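Input: a single structure, listed below in structure tokens.
Number of protein chains: 2
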Amino acid sequence: MPRSPAPTSADIRKVAQEAGVSIATVSRVLNNPQRVSAATRERVLEAAARLGYRPNPLGQRLRKGRAETVGVVIPAPQGRFADSFFLELLAGLGEGLSGAGLDLLVTTSPPGPQELASYQRLVEGKRVDGLVLARTRQRDERILYLLEHKVPFVVHGRSDLIHEPFPYLDIDGERGFRQAAQHLIALGHRAVAFIGAPHELNFAQHRLAGYRRALEEAGLPLRREWVLEGDLSEESGYRLTLALLDLPRPPTAILCANDLMALGALRALRERGLKAGQEVSVIGYDDIPQAHYTDPPLSTLHQPFREMGRRLVEMLLARLAGTPAEELQEIWVPELILRGSDGPPQS
Amino acid sequence: MPRSPAPTSADIRKVAQEAGVSIATVSRVLNNPQRVSAATRERVLEAAARLGYRPNPLGQRLRKGRAETVGVVIPAPQGRFADSFFLELLAGLGEGLSGAGLDLLVTTSPPGPQELASYQRLVEGKRVDGLVLARTRQRDERILYLLEHKVPFVVHGRSDLIHEPFPYLDIDGERGFRQAAQHLIALGHRAVAFIGAPHELNFAQHRLAGYRRALEEAGLPLRREWVLEGDLSEESGYRLTLALLDLPRPPTAILCANDLMALGALRALRERGLKAGQEVSVIGYDDIPQAHYTDPPLSTLHQPFREMGRRLVEMLLARLAGTPAEELQEIWVPELILRGSDGPPQS
DNA sequence: GCACGAGATGTAAACGTTTTCCATTACCCT
DNA sequence: AGGGTAATGGAAAACGTTTACATCTCGTGC
Numbered sequence: 406m407p408r409s410p411a412p413t414s415a416d417i418r419k420v421a422q423e424a425g426v427s428i429a430t431v432s433r434v435l436n437n438p439q440r441v442s443a444a445t446r447e448r449v450l451e452a453a454a455r456l457g458y459r460p461n462p463l464g465q466r467l468r469k470g471r472a473e474t475v476g477v478v479i480p481a482p483q484g485r486f487a488d489s490f491f492l493e494l495l496a497g498l499g500e501g502l503s504g505a506g507l508d509l510l511v512t513t514s515p516p517g518p519q520e521l522a523s524y525q526r527l528v529e530g531k532r533v534d535g536l537v538l539a540r541t542r543q544r545d546e547r548i549l550y551l552l553e554h555k556v557p558f559v560v561h562g563r564s565d566l567i568h569e570p571f572p573y574l575d576i577d578g579e580r581g582f583r584q585a586a587q588h589l590i591a592l593g594h595r596a597v598a599f600i601g602a603p604h605e606l607n608f609a610q611h612r613l614a615g616y617r618r619a620l621e622e623a624g625l626p627l628r629r630e631w632v633l634e635g636d637l638s639e640e641s642g643y644r645l646t647l648a649l650l651d652l653p654r655p656p657t658a659i660l661c662a663n664d665l666m667a668l669g670a671l672r673a674l675r676e677r678g679l680k681a682g683q684e685v686s687v688i689g690y691d692d693i694p695q696a697h698y699t700d701p702p703l704s705t706l707h708q709p710f711r712e713m714g715r716r717l718v719e720m721l722l723a724r725l726a727g728t729p730a731e732e733l734q735e736i737w738v739p740e741l742i743l744r745g746s747d748g749p750p751q752s
Numbered sequence: 406m407p408r409s410p411a412p413t414s415a416d417i418r419k420v421a422q423e424a425g426v427s428i429a430t431v432s433r434v435l436n437n438p439q440r441v442s443a444a445t446r447e448r449v450l451e452a453a454a455r456l457g458y459r460p461n462p463l464g465q466r467l468r469k470g471r472a473e474t475v476g477v478v479i480p481a482p483q484g485r486f487a488d489s490f491f492l493e494l495l496a497g498l499g500e501g502l503s504g505a506g507l508d509l510l511v512t513t514s515p516p517g518p519q520e521l522a523s524y525q526r527l528v529e530g531k532r533v534d535g536l537v538l539a540r541t542r543q544r545d546e547r548i549l550y551l552l553e554h555k556v557p558f559v560v561h562g563r564s565d566l567i568h569e570p571f572p573y574l575d576i577d578g579e580r581g582f583r584q585a586a587q588h589l590i591a592l593g594h595r596a597v598a599f600i601g602a603p604h605e606l607n608f609a610q611h612r613l614a615g616y617r618r619a620l621e622e623a624g625l626p627l628r629r630e631w632v633l634e635g636d637l638s639e640e641s642g643y644r645l646t647l648a649l650l651d652l653p654r655p656p657t658a659i660l661c662a663n664d665l666m667a668l669g670a671l672r673a674l675r676e677r678g679l680k681a682g683q684e685v686s687v688i689g690y691d692d693i694p695q696a697h698y699t700d701p702p703l704s705t706l707h708q709p710f711r712e713m714g715r716r717l718v719e720m721l722l723a724r725l726a727g728t729p730a731e732e733l734q735e736i737w738v739p740e741l742i743l744r745g746s747d748g749p750p751q752s
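Protein chains in written order, with this note's numbering: chain A, 406 to 752; chain B, 406 to 752.
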């Protein structure tokens with residue numbers, strides 16, 4: 406009676422025995438095939454296949470001194486759901502990593518000081534070889550920590566108050582919002598408001614700067630009461646838009662630092678009986694799937710999160726291979742997508 | 406000049422030397438403290454602290470033959486974002502796991518046959534000790550696969566066509582939708598429609614059954630044209646609601662199998678100039694954060710995803726410790742939250 | 001006074017790899 | 001023929017733990 410292969414129990418020793426070679430040779434066949442003659446290579450591969458051999462990652466990792474794992478800490482706020490853009494990024498990271506045979510270790514943590522503890526656990530506990538960060542702050546303590554501990558990492562976004570070089574991939578938010586504001590101004594708007602992100606977030610500054618620059622270039626004054634700071638939630642977009650509409654001189658166009666807030670803005674307009682894209686224009690940022698389905702469809706700046714995730718993996722692998730940080734800094738150009746929530750001001 | 410402790414390089418041998426004991430004793434102090442005398446225990450702990458020693462998980466894992474890791478595969482569809490409820494579940498899982506010192510390995514995969522490959526990689530590659538599944542189908546191949554390979558796992562949701570026992574935690578969707586439908590009927594609705602989930606999803610059946618049962622119990626006929634199947638996206642809720650409104654006899658109330666579709670329903674109503682909660686009632690399922698902020702606020706059935714994540718970890722740990730699957734099956738009762746999108750039918 | 005058990009510690013083997021040396025063989029060139 | 005070199009494969013030492021087993025030291029009961 407033929408024994409069915411017990412695929413779970415084959416180790417390198419069994420394969421070596423089966424192929425009539427030493428375990429060193431088996432290992433070489435798998436890691437360094439050209440170091441071994443074609444004939445024995447064939448023999449070993451056959452034996453391995455016959456036994457259903459898969460190298461045990463635990464042994465490999467100990468021997469190599471690497472965890473073969475990349476870590477991500479997702480900021481998950483207490484009261485509300487984390488932005489689903491993280492899932493999108495995760496998907497991109499996962500695609501890239503599985504290709505490279507690396508694992509993705511995910512932790513969630515409420516944003517704040519406790520966050521750093523998660524990083525410590527991953528780094529000082531030697532659980533990961535590298536990290537991916539997102540949602541950077543202007544002077545991001547996580548980056549400082551990782552730089553200090555010399556842990557390889559890549560960043561989605563920049564951290565403008567840190568001058569030591571580190572690898573990052575960012576979208577040019579200034580350019581994006583400058584373009585968006587220019588577009589609105591070209592349509593004839595003179596009263597363009599801005600609902601920004603929490604000011605400690607790095608991209609908040611860029612997007613604001615793009616807005617200011619466009620106004621400046623057009624010779625329009627910057628009115629303080631038209632520049633508000635939201636918390637990126639739909640609800641805050643809603644609330645702040647109502648506040649804008651209640652001003653003595655309400656704006657005719659609103660730039661929102663993300664789509665979620667733009668959705669809130671659309672809701673506020675609707676509630677006030679104002680037609681978005683006609684009476685008041687709205688432009689968001691991110692291009693979340695929902696943006697297709699609002700009424701009117703939301704004009705926004707596209708961020709290709711999944712692609713960015715894939716690229717971040719490539720950069721991290723390069724970093725792990727020794728590429729200097731300076732050579733791993735990319736800024737992508739966002740794409741302004743006009744769908745209908747923008748339009749010329751009325752009369 | 407005092408050398409600062411090089412925290413990254415201390416291994417168990419160094420600690421042993423520093424404390425003047427053997428490495429076995431150091432290990433015992435950490436894993437089995439009562440096996441060693443108070444005096445030496447103290448000495449070892451001090452030495453460990455002085456050197457900043459942290460056991461290297463790679464060594465532990467190899468020795469223990471466990472990856473100390475739990476895996477999750479998130480279905481991330483190509484075109485659109487994955488449901489953010491997964492992030493919420495992830496947060497709950499993470500909280501539970503970090504308490505237990507386990508890592509969370511996350512993979513994403515488009516739903517479908519390729520999904521199983523991800524599971525194989527995790528399981529046959531010995532990368533995880535256990536798994537968490539979610540978004541189950543009626544006869545879920547992933548569960549069959551894991552049962553066959555005798556891998557410990559727990560499930561968020563059930564899989565009704567699988568009769569072998571396995572550990573799960575589910576919300577009683579039938580009861581939830583029965584209650585929701587009863588509520589609408591009690592308000593006076595006689596034309597209650599149902600926008601369901603893809604029928605292969607296990608919970609789709611339960612929610613539908615609850616709806617049918619409530620109608621039956623009230624002696625109301627089940628009209629086929631009022632029972633539709635969506636894909637859980639906002640857009641499909643929108644589209645199907647329009648279809649319902651175009652019927653010769655449109656419903657006065659709509660039950661949606663998730664909140665995202667309910668949001669779409671609200672949008673469709675608004676577009677048709679119908680007041681939700683007055684002219685047409687809508688009830689969703691999940692209680693996503695957005696449900697607070699719709700107009701009117703969305704009535705829905707609450708699912709405590711984060712808590713469920715935490716509980717799932719406890720169950721998985723129990724499972725890993727040998728608790729039989731039969732003792733790890735829980736069904737929680739959902740809570741109907743009335744916010745305003747439901748109301749009596751007009752006239 | 002002595003065997004005995006309990007308690008505390010040390011020794012060494014294991015976990016499954018990769019990789020550094022060596023040893024052997026074969027080959028080529030002079 | 002002899003010596004250098006390349007190709008090939010094996011032996012053994014890591015990697016950092018945990019743990020079975022052996023050893024040693026006491027106190028204790030006889």
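For every residue, glycine included, the Cβ atom is placed at its ideal position computed from N, Cα and C.
A quick note: this is a predicted structure, and the numbers were derived from the prediction, not measured.
Nearest neighbour of residue i, chosen from the options [CA to CA]
i	options	result
T699 of chain A	B:L536, B:L435, B:E553, B:R675	B:R675
A424 of chain B	B:A444, B:L521, B:V449	B:V449
L684 of chain A	A:S746, A:L721, A:T474	Correcting the residue type first, residue 684 of chain A is Glu in the shown sequence and not Leu. For the residues A:S746, A:L721, A:T474, the minimum Cα distance to E684 of chain A belongs to A:S746.
L620 of chain A	A:F582, A:N607, A:S638, A:P603	A:F582
R580 of chain B	B:I417, B:A670, B:W737, B:E520	B:W737
I479 of chain B	B:R540, B:I693, B:H588	B:R540
G578 of chain A	A:G476, A:R744, A:Y616	A:Y616
L711 of chain A	B:R715, B:L679, B:P482	Note that residue 711 of chain A is Arg in the sequence shown here, rather than Leu. Of the candidates B:R715, B:L679, B:P482, the one whose C-alpha sits nearest the C-alpha of R711 of chain A is B:P482.
L649 of chain A	A:E622, A:D664, A:L665, A:L679	A:L679
T728 of chain A	A:P572, A:R459, A:S432	A:P572
G464 of chain A	B:F486, B:P701, B:A415, B:R471	B:R471
Y690 of chain B	B:A609, B:R618, B:M713	B:A609
G714 of chain A	A:R440, A:I548, A:L574	A:L574
Contact with chain A by residue i, beta-carbon distance below 8 Å
i	result
P516 of chain B	no
Q695 of chain B	yes
L645 of chain B	no
A614 of chain B	no
Y524 of chain B	no
Short Cβ contact (8 Å threshold) for residue i with residue j
i	j	result
R644 of chain A	A596 of chain A	no
L536 of chain A	F558 of chain A	yes
V511 of chain A	L495 of chain B	yes
H662 of chain A	G601 of chain A	One point to set straight first is that residue 662 of chain A is Ala, not His, in the sequence displayed. In this structure, G601 of chain A lies closer than 8 Å to A662 of chain A by Cβ.
E546 of chain B	L566 of chain B	no
F486 of chain B	P694 of chain A	yes
R532 of chain A	P462 of chain B	yes
G682 of chain A	L665 of chain A	no
A415 of chain B	G457 of chain B	yes
Own chain residues within Cβ distance below 8 Å of residue i, not counting five before or after
i	result
A760 of chain A	The structure shown does not extend to residue 760 of chain A, since chain A spans only 406 to 752, so no value can be given for it.
S442 of chain A	none
Beta-carbon proximity list for residue i, same chain, < 7 Å, skipping 5 on both sides
i	result
A585 of chain A	L660, I688, L706, L741
R542 of chain A	S564, E605, L606, N607
R446 of chain A	V434, P438
Cβ of residue i within 8 Å of any chain B Cβ
i	result
V420 of chain A	no
R459 of chain A	yes
A662 of chain A	no
M406 of chain A	For M406 of chain A, the predicted structure reports a pLDDT of 39, less than 50, and the residue's modelled location is therefore unreliable. A value from the coordinates is still provided. Chain B, which has no Cβ nearer than 8 Å to the Cβ of M406 of chain A, makes this no.
P462 of chain A	yes
T513 of chain A	yes
Contacts around residue i, its chain only, beta-carbon distance under 6 Å, and the 5 residues preceding and following it disregarded
i	result
V632 of chain A	F599
D750 of chain A	Going by the sequence as given, residue 750 of chain A is Pro instead of Asp. Cβ neighbours of P750 of chain A beyond the five flanking positions: G593, H594, T657.
I576 of chain A	Q708, W737, P739
A453 of chain B	V420
Any chance you could list the alpha helix (DSSP H) runs of at least 4 consecutive residues sitting entirely within the region 529 to 567 of chain A, in chain order?
-> 546 to 553, all fully within the region 529 to 567 of chain A.
Length at least 4, wholly inside the region 635 to 713 of chain B: the alpha helix (DSSP H) runs in chain order | Within the region 635 to 713 of chain B, the complete alpha helix (DSSP H) runs of at least 4 residues are 639 to 650, 664 to 676.
With a floor of 4 residues, list each alpha helix (DSSP H) that falls wholly inside the region 415 to 487 of chain A, ordered by position along the chain.
-> Correct list: 417 to 424, 428 to 436, 443 to 456, 462 to 469.
Kindly provide the ranges of any alpha helix (DSSP H) runs that are 4 or more residues long and lie completely inside the region 578 to 607 of chain A, ordered along the chain.
-> Listed in chain order, the alpha helix (DSSP H) runs fully inside the region 578 to 607 of chain A are 578 to 591, counting runs of at least 4 residues.
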